[in-house]
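Residue numbers (this note's numbering): 10 to 616.
Beta carbons are placed, not taken as given, at the ideal position from N, Cα and C, and that holds for glycine.
All figures in this text were calculated on a predicted structure; none of them were measured in a lab.
In C-alpha cells:
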C-alpha cells in the first residue's frame, strides 16, 4: 500500500490553534445547569409604611421633615426607582425602569433583604456601633433640578452622622456623601471604620450558566489599576487604595465609587450556582469589607452609587475608568475590542444618528469588514491551500518513488512545494496572526449590551443561545438544548476543511499513528459543543465568516489559480541545471544525510 507522509508542520499549526482555543474556552467554561427560568424571590424584611410616614421626593416637596420608624422613602428619576430605608439609611430597592428580564419581569438590582450597607466603628468606651441599627431622620429638598435626600442619625449626645443622596433627572449615578459632626467625642478615632457592603445576584438572562460566567466583582485600586475576583466557587481579592467596587451581574452592575480611596479592602464572591446547580435563581453573592479613615476626627467621604446597565458607552461617559467593568478581554484582545471592533460595530448598527439597522444585519456587515481587513494577511494562506491540492498528484509520485527513503521524500516534497510557492509554513503564520481577532470577538459578543434581547431570524436574543430544541436531559459540556447557529457554523467549518486541510489528510495514515482525519473533525466538533451555550451573535459571526472563506477559496481555485501554469512552473524548474549548493545548503544536506544514515542503522539493529 502506498505510504504518504503526513504534513506535520500543518498539523502542528492546527494543533496549536485548537489548543489555544480549547484553553480559552475551558478557562471561561463554568458547567452549571441551564434550567427552567424562575422569578427571583427573597424574604422581604422592610416594613410597610403608612401614608403619613412614607414620603415621595418630588419637585413640589422641599425641606419637609419626615418621621422615621424604619420606613422606606421613595426616591426616583426617569431611569431608576429607589427606596431608601430610614433604618440604616441604605438603599433597600433599586428598580431599572427601562429594562425587563428574559421573561418580561422588572429588573431589580436591589430587592427585599438582598442588600446590606453598614458602617461599623468603635466608641471610646469599647462599644461597637453599626449604622444599620440606627434610625435616621430624613429630609428632602431640591438642588436646582436635582433631588436631595438627607438622612441624619445621632449615635451619641452631641454627635451626628449624615448620609446624603442627590439624584439628577436622567442619570444612573447617585451622589452619596457621608458626613459626621462631633463624632470624635464618642468614637475611638484611632480605630478604622469598617464598611460592609453585600449584595445578592439573581438570574436575569435565559442562559444562567452564561450569566454566571460573566458575573463577578471588579474593582479599581492603587491609583488606577483594576482587577476582578474570578470564577471560583469562593473567590477573594485584597487591595489597597480602592476607588471603586463594581458588582457586575453580566448586563447590569451596582458600583460604589469614592473620591477618597478606601485604605484597604477585601472583595469576595460566592458562586451559588456552582455550589448548587439545581437551583435556578441565585448567581453570585458579593461581599466587601473596606477600611475607612477619619479626617480630623470626623468621617468625610464623597462617594457615588451606580445602579444601571453594564453598557460600555454609558460607563465610559462618566470618565471614571468604569469602562473596565465591561469585560472586553485582557491585553491585545481588549485593545482590539476597544479601538476597532466596538467603534466599527457601533457605526454599522447606527450608520445615521438616531436611526439603526437590525443587529443581526450589523453582525453580518461587521463580519464582511473584518474579513476585508484580514484579507491581505489571509490571502497567501488561501492561495497556498489551493496550490497544495493541485500539487497532490505530484507529491504522491514523490512518495511512491522514495517510499523507502523518508528523508529524501521529505526533501523532494519541500522542493516541489517551494517551486510552486506553496510552503505549508506560509499557511500557518496567517492563521496564527488572526487569533487575536478571534478571541477579541469571543469576548465582544457575549458582553455587548447592545445585543441584549435583540432578535434576528429564529434567535430571540443575540446575547444568548438560539435554542430550537429543548432536551429532556443534559449532555455534559453541551447542555440541555440544541442551538442552530452553532450547527450551521460547524457545517461550514467542515466543508471548508474538506476543501483545504482534508485534501492533505486523506490517505495520510502511517503505521502506528492515529487517524489524522480526526483533525478535520476536531474544529467542527469544538464549535458544535462549546458554542451551544454561548451568544448566538458569536455563532452567527463565525457562520458568515466561514461562508465568506469558502467563497474566497472557490474563487481562488476556479478563477485566480491556473493549474496548468503551476505545473508548468514545476516542470520548468526541473529542467533547469542544478546550481551548485552554497556552504550553508551543503552543510544542511550533509546533516540530513547523516540523520538518515543513523535512522537506517537503527532500523537494522531492531531487525
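Checklist entry - Could you give the distance in angstroms between the alpha-carbon of residue 376 and the alpha-carbon of residue 110? => result Here residue 376 corresponds to residue number 367 of the chain shown, with the count starting at 1. Here residue 110 corresponds to residue number 101 of the chain shown, with the count starting at 1. Going by the C-alpha atoms only, they are around 29 Å apart.
Checklist entry - Would residue 210 be called buried (16 or more neighbouring beta carbons within 10 Å of its own) or exposed? => result By one-based count along the chain shown, residue 210 stands at place 201. Per the 10 Å Cβ criterion, buried.
Item to check | Nearest residue (CA-CA) to residue 82, options 259, 148 and 123 | outcome: Within the chain shown, residue 82 is the residue found at index 73, counting from 1. Closest by alpha carbon: 148.
Checklist entry - Is there contact between the region 205-220 and the region 333-353, where contact requires at least three CB pairs shorter than 8 Å? => result no
Item to check | Nonlocal neighbours in the same chain, by C-beta distance under 6 Å from residue 190, ignoring five residues either side | outcome: As a first step, residue 190 is located in the chain shown; it is residue number 181 there, counting from the start. Around residue 190: 169.
Item to check | residue 296 Cβ short of 8 Å to the ligand FMN heavy atom set | outcome: This structure lacks the ligand FMN; in fact it carries no ligand of any kind.
Checklist entry - Would residue 215 pass as a contact of residue 367 if the rule is Cβ separation under 9 Å? => result As a first step, residue 215 is located in the chain shown; it is residue number 206 there, counting from the start. As a first step, residue 367 is located in the chain shown; it is residue number 358 there, counting from the start. No.
Next on the checklist: In the DSSP output, what is residue 188 paired with across the bridge?
Outcome noted: Locating residue 188 in the chain shown gives position 179, counting from the first residue. Answer is 171 and 309.
Item to check | N-terminal and C-terminal residue of the alpha helix (DSSP H) that residue 455 is part of | outcome: As a working mapping, residue 455 is identified with position 446 in the chain shown. It spans 444-456 - the alpha helix (DSSP H) in which residue 455 sits, taken as one unbroken run.
Checklist entry - Going by the CB atoms, is the gap between residue 349 and residue 454 shorter than 9 Å? => result The residue you call residue 454 lines up with position 445 of the chain shown. The residue you call residue 349 lines up with position 340 of the chain shown. Taking 9 Å as the Cβ cut-off, residue 454 and residue 349 do not qualify as a contacting pair.
Next on the checklist: Bridge partners for residue 182 per DSSP, in chain order?
Outcome noted: Taking the chain shown and counting its residues from 1, one reaches residue 182 at position 173. Paired residue(s): 315.
Checklist entry - Could you give the distance in angstroms between the alpha-carbon of residue 539 and the alpha-carbon of residue 485? => result For this step, residue 539 is matched to residue 530 along the chain shown. For this step, residue 485 is matched to residue 476 along the chain shown. Going by the C-alpha atoms only, they are around 10 Å apart.
Checklist entry - Do residue 178 and residue 230 have their CB atoms nearer than 9 Å? => result For the purposes of this step, residue 178 is taken as the residue at position 169 of the chain shown. For the purposes of this step, residue 230 is taken as the residue at position 221 of the chain shown. Cβ distance not < 9 Å, so residue 178 and residue 230 don't count as in contact.
Checklist entry - Any idea what DSSP makes of residue 242, helix, strand or coil? => result To locate residue 242, count along the chain shown from 1; it is residue 233. In this structure, residue 242 counts as coil in the three-state DSSP scheme.
Item to check | Coarse secondary structure for residue 217, derived from DSSP in three states | outcome: Numbered from 1 along the chain shown, position 208 holds the residue referred to as residue 217. Reduced to three states, the DSSP call for residue 217 is helix.
Checklist entry - Is it true that the region 259-269 meets the region 297-314, where meeting means three or more beta-carbon pairs spaced less than 8 Å apart? => result yes
Item to check | DSSP state of residue 567 mapped onto helix, strand, coil | outcome: Your numbering for residue 567 matches position 558 in the chain shown. Helix.
Checklist entry - So residue 300 and residue 201 are in contact, right, with Cβ under 8 Å, and what is the actual spacing, rounded? => result What you label residue 300 is simply residue 291 of the chain shown in a count that begins at 1. What you label residue 201 is simply residue 192 of the chain shown in a count that begins at 1. About 4 Å; that satisfies the 8 Å criterion.
Next on the checklist: By the DSSP assignment, the alpha helix (DSSP H) with residue 281 in it spans what residues?
Outcome noted: Taking the chain shown and counting its residues from 1, the one referred to as residue 281 is at position 272. Start and end: 281-284.
Checklist entry - CB residue 249 to CB residue 238, shorter than 9 Å? => result By 1-based counting over the chain shown, the position of residue 249 is 240. By 1-based counting over the chain shown, the position of residue 238 is 229. In this structure, residue 238 does not lie closer than 9 Å to residue 249 by Cβ.
Item to check | residue 508 versus 175, 495, 483 and 564, residue with shortest Cα-Cα distance | outcome: Residue numbering aside, residue 508 sits at position 499 when the chain shown is read from its first letter. Residue 508 has its Cα closest to that of 564, out of 175, 495, 483 and 564.
Next on the checklist: Please report the straight-line C-alpha distance between residue 452 and residue 122, rounded to a whole angstrom.
Outcome noted: Counted from its first residue, the chain shown places residue 452 at position 443. Counted from its first residue, the chain shown places residue 122 at position 113. The straight-line gap from Cα to Cα measures roughly 33 Å.
Item to check | Touch test, the region 544-558 against the region 471-482, Cβ-Cβ under 8 Å, three pairs minimum | outcome: yes
Checklist entry - Around the Cβ of residue 8, are there at least 16 other Cβ atoms within 10 angstroms (buried) or fewer (exposed)? => result Shown here, the chain extends from 10 to 616; a query on residue 8 therefore has no answer.
Item to check | Distance between residue 458 and residue 319 (C-alpha atoms, nearest Å) | outcome: Along the chain shown, one-based indexing puts residue 319 at 310. Along the chain shown, one-based indexing puts residue 458 at 449. Straight-line Cα distance between these residues: approximately 7 Å.
Item to check | Three-state secondary structure (DSSP) of residue 149 | outcome: Locating residue 149 in the chain shown gives position 140, where the first residue counts as 1. It is a strand residue.
Checklist entry - Taking the C-alpha atoms as reference points, what is the distance between residue 553 and residue 213? => result Reading the chain shown from its first residue, position 544 is the one you call residue 553. Reading the chain shown from its first residue, position 204 is the one you call residue 213. The alpha-carbon atoms of residue 553 and residue 213 are separated by roughly 29 Å.
Item to check | Three-state class that DSSP yields for residue 4 in the structure shown | outcome: Because the chain here runs from 10 to 616, residue 4 falls outside it and cannot be looked at.
Next on the checklist: Considering only DSSP beta bridges, list what residue 89 is partnered with.
Outcome noted: Locating residue 89 in the chain shown gives position 80, counting from the first residue. Its beta-bridge partners are 105.
Item to check | Neighbourhood of residue 272 by C-beta distance below 6 Å, restricted to the same chain and skipping five residues each side | outcome: Position 263 of the chain shown, counting from 1, holds the residue named residue 272. Correct list, in chain order: 300 and 302.
Next on the checklist: Between 494, 498, 103 and 252, which has its C-alpha nearest residue 90's C-alpha?
Outcome noted: Position 81 of the chain shown, counting from 1, holds the residue named residue 90. Taking only the C-alpha atoms, the option nearest residue 90 is 103.
Item to check | Close beta carbons around residue 232, own chain, < 7 Å, minus the five adjacent residues each side | outcome: Locating residue 232 in the chain shown gives position 223, counting from the first residue. Same-chain partners within the cutoff: 250.
Next on the checklist: What does the alpha-carbon distance come out to for the pair residue 562 and residue 264?
Outcome noted: As a first step, residue 562 is located in the chain shown; it is residue number 553 there, counting from the start. As a first step, residue 264 is located in the chain shown; it is residue number 255 there, counting from the start. In a straight line, the C-alpha of residue 562 is about 49 Å away from that of residue 264.
Next on the checklist: Using C-beta distances below 6 Å, list every residue in its chain close to residue 153, excluding the 5 sequence neighbours before and after it, in chain order.
Outcome noted: What you label residue 153 is simply residue 144 of the chain shown in a count that begins at 1. Here the set comprises nothing.
Checklist entry - Can you tell me whether residue 334 is buried or exposed, with buried defined as 16 or more other CB within 10 angstroms of its CB? => result Walking along the chain shown from the start, residue 334 turns up at place 325. Buried: at least 16 other Cβ atoms inside 10 Å.
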